[in-house]
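Per the working numbering, the very first residue in the sequence shown carries number 5; after that it's consecutive.
Quick reminder that beta carbons are idealized off the backbone N, C-alpha and C, glycines included.
Since the model is a prediction, treat every value here as computed from it, not as a measurement.
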Amino acid sequence: MVSTGWSGSPERAITDPRTDPFHPTGAARTLLLVPSMTLDGDGLAKIPGVEHYEERFLAFLHLLRDPATRLILITSTTPPPDLVHDTLTAFGCLPARDRLTLLDCADPSPRPLTEKVLRRPDLVAALRGRRPDTLIAFTGTALERELATRTGAALFATDPHLAPLGSKTGSRRTFAAAGVPTAPGHDGLRDLPDVLDALTALRTDDPTTEKALIKLNDSFGAGGNVLFPYAGAPITGLRAWVERELPTRAAFASPPDTWDAYAPKITQMGAVVERYLTGDATTSPSAQVLIDPTGTRVLSTHDQVLSGQVFTGATAPADPAYRTTLLDHAHRVARRLHTAGALGIASVDFIATRHGTRWDLHALEVNLRMGGGTAPHFLAHGLLRGTHTDDGALLAADGTPRAYYATDRVLRPEYADLTPADVLTALRPERFDGTTGTTPYMLGALSIGRFGLLTIGHDVRDATHRFHRAVDAVDARTHPVPSG
C-alpha cells in the first residue's frame with residue numbers, strides 16, 4: 005500500500021521530521037500532539053462539548069512502545085486520569101508513562117485549542133523548552149503553523165496555503181486530475197446566481213435528476229450541505245422556478261438553519277452543486293491516507309455510519325464488494341495530493357451505489373485533516389499490533405482477520421451521571437483481551453451524556469454485536485432521568 009514519488013535525497017527522507025511519524029525509526033524524538041479542531045467560531049459553537057474531542061488523540065499513546073519516543077499532549081482541559089491510565093494499560097505502555105507529558109489550558113471555551121495555547125506565552129515556552137521535533141495536528145491552519153514556528157517543531161499537516169485543495173471545489177478538481185469519478189455537477193460557484201445557474205443546468209442536462217446537493221466550499225462535515233428536490237419542476241422557465249422554490253424547499257443536513265442565514269455564506273465561501281446519487285442500495289465508504297515527503301500510503305478503509313448526512317461512526321474495513329476499487333481511487337487521490345504538496349493525514353469520502361449486482365463509486369470530498377475515523381484506526385492498530393493486506397483486509401498480529409465498529413456518539417442523558425470509572429467497570433467483562441473486545445474513548449464527554457466505543461471482532465457482524473453488548477453493559481449501570 006505504499007507509493008513512492010518524492011524526488012528528494014535519501015538522506016532527507018530518513019531525517020526529515022515530517023516523514024511519517026507513526027513509523028518509528030529508533031532515533032530519539034519528541035512528538036507534540038495538538039488535537040485542535042481549528043474551525044470558525046460558529047462551527048465550534050455548534051458542537052456540544054467540543055473540547056472532549058481532543059481526547060481522541062490518546063489513540064496515539066501506543067507510539068510510546070518505541071523507547072526512543074517522547075510524547076507531549078496539549079489539551080483544553082485535563083483528560084480523565086482514569087482514561088489516560090486505561091489507554092496506556094491497554095497499549096502495554098504504562099511503564100512508559102514518564103515519557104508522556106500532559107499539559108492543558110484549563111479552558112473549555114469553544115475556541116480552537118491552538119488559539120488558546122498561542123495566547124499563553126507560558127505554555128508556548130513550556131512546549132518549546134521540551135524541544136519537540138514534530139507537531140502532529142488535527143488540521144493545519146495559520147494557527148498551527150505559528151505554533152510550530154514558535155516551538156521549533158516541523159508541522160505534520162498540510163500547509164494552510166494549500167487549504168483550497170480540501171475545499172469542495174478543490175476536491176472535485178483533484179478527483180478530475182486523478183481520474184477518479186465524481187458526481188455530475190458544477191464547481192467554482194461564487195454567489196447565489198451561480199448556484200441558481202448550476203441547479204438549472206444540472207436538471208436541464210439530465211431531466212431524470214431528482215435531487216441536487218449544494219455544498220459550501222469550506223464547510224465542516226455535512227454542516228454546509230443543502231438538499232434541493234426537483235419534484236414538479238417545469239420544462240420551461242426552470243431557472244425562475246428554481247429561484248422561487250429554493251428558499252422553501254432547501255433541506256439542511258444539520259439543522260437548525262434557515263435559507264436567509266445560509267444564502268450569504270455562498271458568497272462568503274463559494275459552493276458546488278452536485279447530483280444527489282441514488283441506487284438500489286447506497287453506502288458511504290471512506291479511505292484515510294498518509295502523505296509525507298517520501299510518498300503516500302492508504303492507512304485504512306471504512307464504511308461510514310451516517311445519521312442523514314452526518315458522520316456518527318464507522319465499520320472497518322470497508323465492504324469487500326467495492327474495497328479494491330476504493331483502494332485504487334484513494335491511491336490515485338493521495339498521489340495527486342502529494343504532487344500538489346499536501347502533508348499529513350487526509351481522508352477521501354465516497355458514495356457507493358448498487359445497481360443490481362454492480363457497485364459504482366463516486367468521490368465526494370477530500371478532508372485535508374484528521375477525521376472521525378482517525379482515532380478508531382489508531383486505537384485498533386495499537387491494540388491489535390497487526391497490519392493490512394494489499395486488498396485492505398485488517399489482520400491481527402497472528403495473521404487472522406479482524407474488523408471493528410467505532411463511534412464517539414454513544415448518547416443517553418443518563419450517562420451524565422456516570423464517571424469514567426463507572427464505564428470502565430461496566431465494560432470490564434467486554435474489554436479487549438488481545439484478540440477481540442471493547443475499548444472506550446472520549447470518556448470526558450460523559451459530562452454531557454456521551455462517550456466513544458471501539459469494538460473489535462472477527463468480522464463486522466461480530467464487532468457490531470459486541471458493540472451492542474457493550475452499550476447494554478453500560479446502560480445497566482444507569483438510572484432513568486425523571487421526566488418533567
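Spatial neighbours of THR34 within its chain, please: CB distance less than 7 Å, with the 5 preceding and 5 following residues excluded, ordered by chain position.
Working through the sequence shown from its first residue, we reach residue 34 at position 30. For THR34, where only same-chain residues beyond five positions count, the Cβ hits under 7 Å are ARG74, ILE76, ARG134, ARG135, PRO136, ASP137.
The alpha helix (DSSP H) that contains LEU387, what's its start and end?
Within the sequence shown, numbered from 1, the residue matching residue 387 stands at position 383. Note, LEU387: alpha helix (DSSP H), 378-388.
Identify the continuous beta strand (DSSP E) that holds GLU418 and give its terminal residues.
In the sequence shown, residue 418 corresponds to position 414, counting from 1. Here GLU418 belongs to no beta strand (DSSP E), and DSSP marks it neither H nor E.
Nearest to GLY360 by CA position, among ALA285, ALA255, ASP198, LEU43, is which residue?
For the purposes of this step, residue 360 is identified with residue 356 of the sequence shown, where counting begins at 1. Comparing Cα-Cα distances from GLY360 to each of ALA285, ALA255, ASP198, LEU43, the minimum goes to ALA285.
Between the alpha carbons of LEU387 and THR459, how many angstroms are there, rounded?
As a first step, residue 387 is located in the sequence shown; it is residue number 383 there, counting from the start. As a first step, residue 459 is located in the sequence shown; it is residue number 455 there, counting from the start. So the alpha carbons of these two residues sit roughly 11 Å apart.
Could you please give me the residues that DSSP links to TRP363 through a beta bridge?
The residue labelled residue 363 in the question sits at position 359 within the sequence shown. Looking at the DSSP assignment, TRP363 forms a beta bridge with ARG358.
Given ARG481, which residues of its chain have a CB within under 6 Å of its CB, disregarding the five upstream and five downstream residues?
By 1-based counting over the sequence shown, the position of residue 481 is 477. Same-chain partners within the cutoff: ASP426, ALA430.
Indicate, with yes or no, if the ligand PLP has a heavy atom lying under 7 Å from the CB of ARG432.
Among the components modelled here there is no ligand, and therefore nothing to report on the ligand PLP.
What is the DSSP secondary structure of ILE270, reduced to helix, strand or coil?
The sequence position of residue 270 within the sequence shown is 266, counting from 1. In the structure shown, ILE270 sits in a helix (DSSP, three-state: H, G or I).
Stretch pair the stretch 56-72 + the stretch 83-102: three plus CB contacts closer than 8 Å:
yes
Reference ILE270, options GLY228, PRO289, THR282, closest by Cα:
For the purposes of this step, residue 270 is identified with residue 266 of the sequence shown, where counting begins at 1. Out of GLY228, PRO289, THR282, GLY228 has the C-alpha closest to the C-alpha of ILE270.
Rounded C-alpha distance that separates ALA152 from LEU159
Residue numbering aside, residue 152 sits at position 148 when the sequence shown is read from its first letter. Residue numbering aside, residue 159 sits at position 155 when the sequence shown is read from its first letter. Roughly 6 Å separates the two Cα atoms.
For THR186 and ALA267, the rounded distance between their alpha carbons:
By 1-based counting over the sequence shown, the position of residue 267 is 263. By 1-based counting over the sequence shown, the position of residue 186 is 182. Cα to Cα, ALA267 sits roughly 25 Å from THR186.
Mapping DSSP to helix, strand and coil, what is ASP108?
Within the sequence shown, residue 108 is the residue found at index 104, counting from 1. In this structure, ASP108 counts as strand in the three-state DSSP scheme.
Are the CB atoms of GLY390 and ALA400 nearer to each other than 8 Å?
The residue given as residue 390 occupies position 386 in the sequence shown. The residue given as residue 400 occupies position 396 in the sequence shown. Yes.
First and last residue of the uninterrupted beta strand (DSSP E) at GLY441
Within the sequence shown, residue 441 is the residue found at index 437, counting from 1. Per DSSP, GLY441 belongs to the beta strand (DSSP E) from 441-445.
Once the 5 residues before and after ARG16 are set aside, which same chain residues still bring their CB inside 6 Å of it?
Mapped onto the sequence shown, residue 16 falls at position 12. Residue confidence for ARG16 is low, a pLDDT of 33 falling below 50, so the modelled location carries little weight; the figure read from the coordinates is stated next. Nothing listed; no residue qualifies.
Within the stretch 143-210, note down every full alpha helix (DSSP H) run reaching 4 residues or more, in order along the chain.
146-155, 172-182, 196-209
Buried or exposed (CB count within 10 angstroms, at least 16 for buried), LEU362
Position 358 of the sequence shown holds residue 362. Sequence inspection shows Arg at residue 362; the Leu mentioned does not correspond to that position. Its Cβ having fewer than 16 others within 10 Å, ARG362 is exposed.
DSSP beta-bridge partners for GLY4?
Not covered by the structure: residue 4. The range shown for the chain is 5 to 488.
Between MET41 and PRO116, how many whole angstroms is the CB-CB distance? I'm expecting something under 8 Å.
For this step, residue 41 is matched to residue 37 along the sequence shown. For this step, residue 116 is matched to residue 112 along the sequence shown. The Cβ separation is near 7 Å, so the contact holds.
Counted within 10 angstroms of its Cβ, other Cβ atoms place HIS27 as buried (16 or more) or exposed:
Sequence index remark: in the sequence shown, residue 27 carries index 23 (1-based). With fewer than 16 Cβ atoms within 10 Å of its Cβ, HIS27 is classed as exposed.
Which runs of the alpha helix (DSSP H) spanning at least 4 residues fall entirely within the stretch 41-128, listed in chain order?
45-49, 85-94, 117-122
Residue from THR105, ALA346, ALA31 whose Cα sits closest to the Cα of PRO71:
Within the sequence shown, the letter at position 67 stands for residue 71. PRO71 has its Cα closest to that of ALA31, out of THR105, ALA346, ALA31.
Taking 7 Å as the limit between beta carbons, can you name the residues of its chain near GLU369, skipping five residues before and five after?
On the sequence shown, position 365 is the one that residue 369 refers to. For GLU369, where only same-chain residues beyond five positions count, the Cβ hits under 7 Å are LYS172, SER175, ASP353.
Near TYR419, what residues of its chain come up, given a Cβ to Cβ distance below 6 Å and the 5 sequence neighbours on each side ignored?
For this step, residue 419 is matched to residue 415 along the sequence shown. LEU450, GLY453, listed in sequence order.
Taking only the alpha-carbon atoms, compute the straight-line gap between GLY12 and ASP296 and give it to the nearest angstrom.
Within the sequence shown, numbered from 1, the residue matching residue 12 stands at position 8. Within the sequence shown, numbered from 1, the residue matching residue 296 stands at position 292. The predicted model places GLY12 with a pLDDT of 31, which falls under 50 and marks its position as unreliable; any figure quoted below should be read in that light. Those two C-alpha atoms are separated by around 12 Å.
Under 8 Å by Cβ, that's how I've got PHE436 and ALA202 pegged, so tell me the actual separation to the nearest angstrom.
Taking the first residue of the sequence shown as 1, we reach residue 436 at position 432. Taking the first residue of the sequence shown as 1, we reach residue 202 at position 198. Going by Cβ atoms, the distance from PHE436 to ALA202 rounds to 48 Å, so no, they are not a contact pair.
Selected residue, minimal CA-CA separation from TYR280, among VAL293, ASN221, THR357, SER290
Residue numbering aside, residue 280 sits at position 276 when the sequence shown is read from its first letter. It is THR357.
Please classify PRO85 as buried or exposed, where buried requires at least 16 neighbouring CB atoms within 10 angstroms.
Here the question's residue 85 lines up with position 81 in the sequence shown. With fewer than 16 other Cβ atoms within 10 Å, it is exposed.
By Cβ distance below 7 Å, which residues in the same chain neighbour LYS120 in space, the five residues on each side in sequence not counted?
Working through the sequence shown from its first residue, we reach residue 120 at position 116. Same-chain partners within the cutoff: SER80, CYS109, ASP111.
Inter-residue spacing [alpha-carbon to alpha-carbon] between ASP307 and SER290
Here residue 307 corresponds to residue number 303 of the sequence shown, with the count starting at 1. Here residue 290 corresponds to residue number 286 of the sequence shown, with the count starting at 1. If you take the alpha carbons of ASP307 and SER290, they lie about 6 Å apart.
Does the stretch 204-224 come into contact with the stretch 177-194, if we say contact requires no fewer than three beta-carbon pairs (one atom in each stretch) closer than 8 Å?
yes
Please classify PRO251: does DSSP put it in a helix, a strand, or coil?
The residue given as residue 251 occupies position 247 in the sequence shown. Note: PRO251 maps to helix in three-state DSSP.
Only counting the same chain, and skipping five residues up and downstream in sequence, which positions put a Cβ closer than 6 Å to that of GLY283?
For this step, residue 283 is matched to residue 279 along the sequence shown. Contacts found: THR357, ARG358, HIS359.
For ASP321, which residues of its own chain have a beta-carbon under 8 Å away from its beta-carbon, when the five flanking residues on both sides are left out?
Within the sequence shown, numbered from 1, the residue matching residue 321 stands at position 317. Per the sequence presented here, residue 321 reads as Pro, with Asp not at that position. Cβ within range, chain order: SER304, THR305, HIS306, ARG327, HIS392, GLY396, ALA397, LEU398, ALA407.
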